[in-house]
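The block underneath contains the structure these notes are about, expressed in structure tokens.
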Amino acid sequence: MLAEFDLWRPQTLPEALALLADKAPDVKPLAGGTNVLVDLRDAAHVPPALMDLGKLHELRGLERQDGHIVIGGGTTLSELLMHPLIAEHGSVLRDAAAVFANPLVRNRATVAGNLVDASPAADTAPPLLALGAEVQLTSRTGSRWVPLEDFMVGVRKTLRRPDELLVAVRWPVPAAESKGAYSKFGLRRADAISVLSAAVMLERDEAGRCQAARIALGAVAPRPFRVHAAEDRLKGQAFSAEAIAEAARLAAEAARPIDDIRGSASYRQRIVEVSVRRLLTQAAQ
Ligand SMILES: Cc1cc2nc3c(=O)[nH]c(=O)nc-3n(C[C@H](O)[C@H](O)[C@H](O)COP(=O)(O)OP(=O)(O)OC[C@H]3O[C@@H](n4cnc5c(N)ncnc54)[C@H](O)[C@@H]3O)c2cc1C
């Protein structure tokens, strides 16, 4: 049995923001509901009211704009899988969407819901971090872009104020010569909470050396994060087996996994090293 709650159904973004300005934090946004409705079963997480974002066309759509790929916060995982812009300019995100939950959940689950929920194992976060994404937070008084790297601050904690909605996510269109790779480790092939979710993006210079690298990990620390020490190890270097192995070792060193029912901390640390080495090798080829 679900607890009772009031449901608001604003028709436009200004209406939704006005409602939040007046009533937050007593009104909680509801997108696909795949986290919120699970939380509602737990009496400790029942908000006085929910606000359904389903009618807000301002949260939908994917486009290329001013050198960025911009997607509405209400974009579902299924839409990511189908859209040609994501296939072309966000293949790591597409690959993450392909192994996210199951088709029914993918049809409802949104990118904003995944990022605002801020689980350490939020699977859209590593690919978006690897793409260098920012999130747009909008309230009745204005809008701000925040690097995704700063947005998630801890387990289920973000920089979002209760009166703000996550309206959009954007990342710079990757350079033509950049390549990415993504992998998810779970205890089964579908519907698995990640034991590790990892993404890399690499860019080469004309001599074939590493011009830029982004390496991002999920499910092995209180929040998804980028491994700057490993990225710095690669910059300006040829993609040798030694450089890649050293970057992978630094990634494992940066991980802060815990023991839980899905795996021990030491197992997770080991798969970070193996997985990052494989992903870098794949992207460098
Ligand atoms: C069976 C099952 C399998 C799952 N598998 C995975 C998986 O493989 N990987 C994974 O990462 N997650 C998984 N999840 C978790 C969940 O599906 C995702 O986190 C999903 O992306 C949440 O999106 P939603 O639209 O359903 O969010 P909701 O449940 O509607 O909302 C989640 C949170 O975000 C807030 N919110 C939503 N939209 C906005 C917005 N625009 N602005 C501000 N706040 C907002 C809500 O208030 C709430 O706090 C799974 C869940 C289930 C039930």
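The sequence shown begins at 51 in our numbering and counts up by one. Idealized CB from N, CA, C, for every residue including glycine.
Start-to-end residues for the beta strand (DSSP E) that takes in residue i
| i | result |
| --- | --- |
| Thr188 | 184-189 |
| Ile311 | Where Ile311 is concerned, there is no enclosing beta strand (DSSP E), given that its DSSP letter is neither H nor E. |
| Cys203 | The sequence shown places Val at residue 203, rather than the Cys named in the question. Element bounds for Val203: 202-204. |
| Gln261 | 260-268 |
| Pro64 | That residue, Pro64, is in no beta strand (DSSP E); its alpha helix (DSSP H) goes 63-73. |
| Val219 | 215-222 |
| Arg114 | 112-115 |
| Ile119 | 118-122 |
| Leu300 | Here Leu300 belongs to no beta strand (DSSP E); instead the alpha helix (DSSP H) covers 291-304. |
| Asp56 | 56-58 |
Opening and closing residue of the alpha helix (DSSP H) in which residue i lies
| i | result |
| --- | --- |
| Met101 | That residue, Met101, is in no alpha helix (DSSP H); its beta strand (DSSP E) goes 99-102. |
| His139 | 134-139 |
| Asp282 | 278-284 |
| Leu154 | 153-158 |
| Val88 | 86-90 |
| Val326 | 315-334 |
| Leu178 | 175-180 |
| Asp167 | 161-167 |
One or two residues paired with residue i in a DSSP bridge
| i | result |
| --- | --- |
| Ala231 | Val250 |
| Gly192 | Ser189 |
| Lys78 | Leu100 |
| His107 | DSSP lists no partner for His107. |
| Thr208 | Met202 |
| Thr125 | BP columns for Thr125 are empty, so no partner. |
| Pro170 | Beta-bridge pairing links Pro170 to no other residue. |
| Pro272 | None, per the DSSP bridge assignment. |
Expected contact under 8 Å - CB spacing of residue i and residue j to nearest Å
| i | j | result |
| --- | --- | --- |
| Leu267 | Ala301 | 7 Å |
| Pro170 | Pro272 | 6 Å |
| Leu130 | Ala147 | 4 Å |
| Gly230 | Val142 | 4 Å |
| Glu253 | Ser233 | That belief does not hold up - the Cβ atoms of Glu253 and Ser233 are roughly 20 Å apart, past 8 Å. |
| Lys78 | Leu52 | That belief does not hold up - the Cβ atoms of Lys78 and Leu52 are roughly 14 Å apart, past 8 Å. |
| Arg327 | Ala304 | Arg327 to Ala304, Cβ: 14 Å. No contact. |
| Asn152 | Ala240 | 5 Å |
| Glu199 | Arg276 | 6 Å |
| Arg114 | Gly122 | Between Gly122 and Arg114 the Cβ distance is about 14 Å, and since that is not below 8 Å, they are no contact. |
| Leu154 | Leu216 | Contact flag wrong, Cβ pair sits at about 23 Å. |
| Thr208 | Ala168 | 5 Å |
| Gly119 | His139 | The amino acid occupying residue 119 in the given sequence is Ile; Gly does not appear at that position. Their Cβ separation, rounded to whole angstroms, is 5 Å, which keeps Ile119 and His139 in contact under 8 Å. |
| Ala333 | Val250 | 5 Å |
| Pro212 | Pro75 | 4 Å |
request  = Would you be able to state if there are at least three C-beta pairs under 8 Å between the stretch 258-265 and the stretch 280-294?
outcome  = Enough Cβ pairs lie closer than 8 Å, so yes.
query = Between the stretch 98-112 and the stretch 77-89, do three or more beta carbon pairs fall short of 8 Å?
reply = At 8 Å Cβ cutoff, the stretches touch.
ask   = Counting Cβ pairs closer than 8 Å, one from the stretch 119-135 and one from the stretch 150-165, do we hit at least three?
value = yes
task = Check whether the stretch 214-225 touches the stretch 173-184, taking contact to mean three or more Cβ pairs, one atom from each stretch, closer than 8 Å.
result = yes
inquiry  = Under 8 Å: do the stretch 310-322 and the stretch 236-245 share three or more Cβ pairs, one atom per stretch?
reply    = Enough Cβ pairs lie closer than 8 Å, so yes.
query = Do three or more CB pairs link the stretch 62-77 to the stretch 186-194 at distances below 8 Å?
reply = yes
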